[in-house]
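Taking it in order: structure first as structure tokens, then the write-up.
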Amino acid sequence: MRKLLAVLGLIFASLMVVAIADRPLPRAELTYIDIVDFKTLDPQRMSYMQDNRLCYAIYEGLVRWDNFSDDFHVEPALARSWDISPDDLVYTFHLEPTAKWSNGEPVTANDFAYAWQRIMVPDNATDYTASIFFRIKGAEDYFEWRAAQLDEYRARPALERTQVAAEQLRSESNDRYRSTVGIEPVDDHTLRVTLALPTPYFLDLLAFSSTYPVHPPTVEKWVRVDADTGAIRQEHAWTKPPLIVTNGPYVVQSWRFKREMRLKANPHYWNPSVVRSKTVSILPIESENTSVLAFKTGAADWHSDTDVEYIADMLEQKKAGLREDIHPVKTFGTYFWGFNCTPRLTDGRPNPFHDARVRRAFALAIDKQALVRTVKRSGEEPTNVLVPEGTIAGFTSPKGLSYDLVRAREELANAGWTGKNAEGVPTNASGEAFPAVEMLVTNVQFHRDAGLVMGRMIEEAFGIKTKLVVKETKAYADDLDRRDYMMARAGWYGDYGDPTTFLLLHKTGDGNNDRGYSNPKFDAMLDAADREADPEKRMRILEEAERFTMEEELPILPLWRYNHYYLFHPPTKADGTPNPGGLKGWSPSPRLVQYIWKLEVVR
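My numbering puts the first residue of the sequence shown at 12, with every later residue one more than the last.
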């Protein structure tokens, strides 16, 4: 009996612990909704918008963007100031000496050097490695050297691949990084960076989440070296509270996955006066309709990404003065469909989209005005280019290819599709019919609708059959990686204020080039732009690169410039008086950068 009572007591105590741990906290000063939970809290692995937004709240980099300025220029963050050499190759950053990690330890220049090495090795390679860190002197050589070092190690006999040998390999890699890469912690509060080539947008790059520091002792507790491969293996338990150590305006108080993340002001942050809301609750609600309902019923002060099917109706209500809470923003992003540009499809068949004339024909056959009007219906601007027009100072967009059925049919005929079979499908000189075009989409309504409408346009223009292939997100991403598709929906938001943040999508071998497009002439243009020291001449080269891809090569079919929709009540009423429950501190910038520490609710 005593044993039974003891067991029951333990069970009761355990239930009480769970109940207390699950007890809701008081409402935060700011509550907002994200449509998905966070993928990671490791800045070197972040790429999704919600992750980046969180990064800017819990970490702090050398610089940040002024998200209220017209030109979105960078301003000091953890770097109080910086010097740039006359040849624009050497940047010397002077760090805030009072900056601390959330555990009270000082933030040092070495913390940046450590974090940047994490993304600069093939062990942890991400799609952003080349576009961000290969601008630094010796970085690309170091990446390739490390890859060769690992290849050589894996080729050794099994008996020679030991834990001691693998640890020695990492030690050699660290020595190589310190001696050959242009990243030098001069002292605790001075970081010197030497570039391989002048990079006008380098400071802009450093405002991006991947360049933010991590706390080396915390991360290293979860690093091991694999004896069999020699590669660094990173466990990510350190990113979960209470283990995570950060250096930004906030710390993560709790994280209940897919339920709530709670932030509170970092007591060790060096500049606490900038933090407008001391506590923040973030609610991930994946159902679009449920998330809007949650906002409407007062569960949140801000909805960070609204994209319900009835968004057009909400905008009409706002136009009629019936609502005030929907806020559209034209973004630094483009919605497009990609063509598989490789010579053959995955099943071995010849790929008709390997021919630029076919790609041009399909681009000319799409009536984008009609597509936006029937599919989106919410004010998006049709576009013929990838780089959003008018968003980068000094860059003038080309015209691109507009809807032109006569020219579309000429382009297809010039590509050799001159005949017709009994079903009206174009045939080539061998009598082979143009294959049915498989159009890959994720299971999101407007992607499916866009595919169906474009499919009808293609069939009406050429007689070519189309087939919509709907996949869940992971399967869709896998098919993109394998290039197991003919056309696929896609999109891109620029990461920094330079045309290359978009144009690199077309470069041979780029990690984000899911289309397999490769053209030496285009690659040479990007290389020439890299070497060009005159900013105006550089922009002219990049303008020609955009024209070449958007008027001649068409590796992608641009459709419209993204709009983004926030839900929140404005901070003032129509008469100019404060509006209780309204949101202050949000930015209407196309870059969609919102600093959580700037946001506050009118009381």
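The beta carbon of each residue, even a glycine, is placed where N, CA and C say it ideally should be.
State the start and end residues of the unbroken beta strand (DSSP E) segment that holds residue i.
{"i": "GLN245", "result": "243-245"}
{"i": "HIS458", "result": "From DSSP, HIS458 is part of no beta strand (DSSP E) but of the alpha helix (DSSP H) over 456-473."}
{"i": "ARG91", "result": "90-95"}
{"i": "ASP198", "result": "194-198"}
{"i": "THR512", "result": "Taken as a continuous stretch (DSSP letters only), THR512 belongs to no beta strand (DSSP E), being part of the alpha helix (DSSP H) at 511-514."}
{"i": "ARG235", "result": "234-236"}
{"i": "PHE104", "result": "101-106"}
What does DSSP give as the partner residue(s) for residue i in the beta ladder?
{"i": "TRP281", "result": "DSSP output for TRP281 lists no bridge partner at all."}
{"i": "TRP76", "result": "VAL85"}
{"i": "ASP45", "result": "PRO295"}
{"i": "MET272", "result": "TRP266, ILE293"}
{"i": "GLY430", "result": "THR438"}
{"i": "MET450", "result": "LEU479, MET498"}
{"i": "LEU578", "result": "HIS314, ILE337"}
{"i": "LYS584", "result": "Beta-bridge pairing links LYS584 to no other residue."}
{"i": "ILE143", "result": "ILE143 is not bridged to any residue."}
{"i": "ALA540", "result": "The partner list for ALA540 (beta bridge, DSSP) is empty, contrary to what the question assumes."}
{"i": "SER117", "result": "Checking the displayed sequence, the identity of residue 117 turns out to be Pro instead of Ser. Partner(s): LYS111."}
{"i": "LYS595", "result": "GLU611"}
{"i": "GLY344", "result": "TYR504"}
{"i": "LEU206", "result": "ILE147"}
{"i": "TYR261", "result": "ALA276"}
{"i": "PHE350", "result": "MET498"}
{"i": "PRO569", "result": "PHE347"}
Report buried or exposed for residue i, applying the criterion of at least 16 other Cβ atoms within 10 angstroms of its Cβ.
{"i": "LEU170", "result": "exposed"}
{"i": "MET12", "result": "Residue placement at MET12 is flagged as unreliable, the pLDDT there being 37, under the threshold of 50; the coordinate-derived value follows with that caveat. By the neighbour-count rule (16 or more Cβ atoms within 10 Å), MET12 is not buried but exposed."}
{"i": "ASN129", "result": "A quick correction: the sequence has Arg, not Asn, at residue 129. With 16 or more other Cβ atoms within 10 Å, it is buried."}
{"i": "GLN605", "result": "buried"}
{"i": "ASN185", "result": "exposed"}
{"i": "ILE95", "result": "exposed"}
{"i": "ASN454", "result": "exposed"}
{"i": "LEU89", "result": "buried"}
{"i": "GLU71", "result": "buried"}
{"i": "PHE23", "result": "Because the pLDDT of PHE23 is 32, which lies under 50, any placement of that residue in the model is unreliable, and the number read from its coordinates should be weighed accordingly. Exposed, because fewer than 16 other Cβ atoms sit within 10 Å of the Cβ of PHE23."}
{"i": "SER182", "result": "exposed"}
{"i": "ASP62", "result": "buried"}
{"i": "THR357", "result": "exposed"}
When the Cα of residue i is compared with those of the options, which residue comes out closest?
{"i": "ASP48", "options": "ARG167, ARG494, ILE293", "result": "ILE293"}
{"i": "LEU416", "options": "ALA433, GLN380, ASN439, ALA372", "result": "ALA372"}
{"i": "ARG75", "options": "THR257, LEU161, PHE213", "result": "PHE213"}
{"i": "VAL263", "options": "SER113, VAL612, ALA461", "result": "SER113"}
{"i": "THR519", "options": "GLU554, PRO566, VAL303, ARG287", "result": "PRO566"}
{"i": "PRO133", "options": "VAL386, TYR153, VAL230, THR257", "result": "TYR153"}
{"i": "TRP608", "options": "THR345, MET536, VAL286", "result": "VAL286"}
{"i": "LYS341", "options": "GLY502, GLU391, LEU412, ARG273", "result": "GLU391"}
{"i": "PRO691", "options": "ALA444, ALA424, LYS232", "result": "In the structure as shown, the chain starts at 12 and stops at 614, and residue 691 therefore has no counterpart that could be examined."}
{"i": "ASP324", "options": "ILE337, GLU543, ALA556", "result": "ILE337"}
{"i": "THR257", "options": "PRO354, PRO117, ARG165", "result": "PRO117"}
{"i": "TRP348", "options": "SER600, PHE83, MET131, LEU491", "result": "LEU491"}
{"i": "GLU320", "options": "TYR576, ASP53, SER600", "result": "TYR576"}
{"i": "VAL398", "options": "TRP156, TYR59, THR560, ALA120", "result": "THR560"}
{"i": "GLN245", "options": "LEU326, PRO252, LYS232, LYS307", "result": "LYS232"}
{"i": "THR394", "options": "ARG189, THR191, ASP122, PRO569", "result": "PRO569"}
{"i": "PHE123", "options": "TYR59, ALA166, SER92, HIS226", "result": "HIS226"}
{"i": "PRO253", "options": "ARG614, SER221, THR229, ALA242", "result": "THR229"}
{"i": "ARG558", "options": "GLY411, VAL197, LEU515, THR484", "result": "GLY411"}
{"i": "PRO98", "options": "GLU564, ASP545, PHE579", "result": "Residue 98 is actually Asp in this sequence, not Pro. If we check each option's Cα against that of ASP98, ASP545 comes out closest."}
{"i": "GLY255", "options": "PRO37, TYR573, ILE69", "result": "The sequence shown places Ile at residue 255, not Gly. Selected option, being the one with the closest Cα: ILE69."}
{"i": "GLU422", "options": "ILE475, ALA374, GLU554, GLY522", "result": "ALA374"}
{"i": "LEU73", "options": "HIS84, ILE46, PRO599, HIS105", "result": "HIS105"}
Between which two residues does the alpha helix (DSSP H) holding residue i run?
{"i": "GLU151", "result": "150-165"}
{"i": "VAL369", "result": "367-375"}
{"i": "LEU214", "result": "213-216"}
{"i": "VAL230", "result": "227-231"}
{"i": "VAL383", "result": "Per DSSP, VAL383 belongs to no alpha helix (DSSP H) and is neither H nor E."}
{"i": "LYS548", "result": "546-558"}
{"i": "SER398", "result": "What sits at residue 398 in the sequence shown is Val, not Ser. Counting along the chain, VAL398 falls outside any alpha helix (DSSP H), and DSSP gives it neither H nor E."}
{"i": "TYR4", "result": "Outside the displayed span of the chain (12 to 614) sits residue 4, for which this structure offers no information."}
Using a Cβ-Cβ distance cut-off of 9 Å, determine whether residue i contacts chain D.
{"i": "LEU516", "result": "The displayed structure is made up of one protein chain only, and chain D is not part of it."}
query = Between the segment 509-529 and the segment 550-558, are three or more C-beta pairs nearer than 8 Å?
reply = yes
inquiry  = Any contact between the segment 525-538 and the segment 236-253? By contact I mean 3 or more CB pairs, one from each, below 8 Å.
reply    = no
inquiry  = For the segment 488-499 against the segment 449-463, do three or more pairs of beta-carbon atoms, one drawn from each stretch, fall closer than 8 Å, so that the two count as touching?
reply    = yes
task = Indicate whether the contact test is met: 3 or more Cβ pairs, each with one atom in the segment 199-212 and one in the segment 146-154, closer than 8 Å.
result = yes
task = Evaluate the contact criterion for the segment 459-470 versus the segment 368-386: three or more CB pairs, one atom per stretch, below 8 Å.
result = yes
task = Tell me, please, whether the segment 59-79 touches the segment 296-311 by the rule of three or more beta-carbon pairs shorter than 8 Å.
result = no
task = May I ask you to verify whether the segment 425-445 touches the segment 577-596, counting CB pairs closer than 8 Å and requiring at least 3?
result = no
request  = Would you check if the segment 54-61 and the segment 217-226 touch, i.e. whether three or more CB-CB distances between them fall below 8 Å?
outcome  = yes
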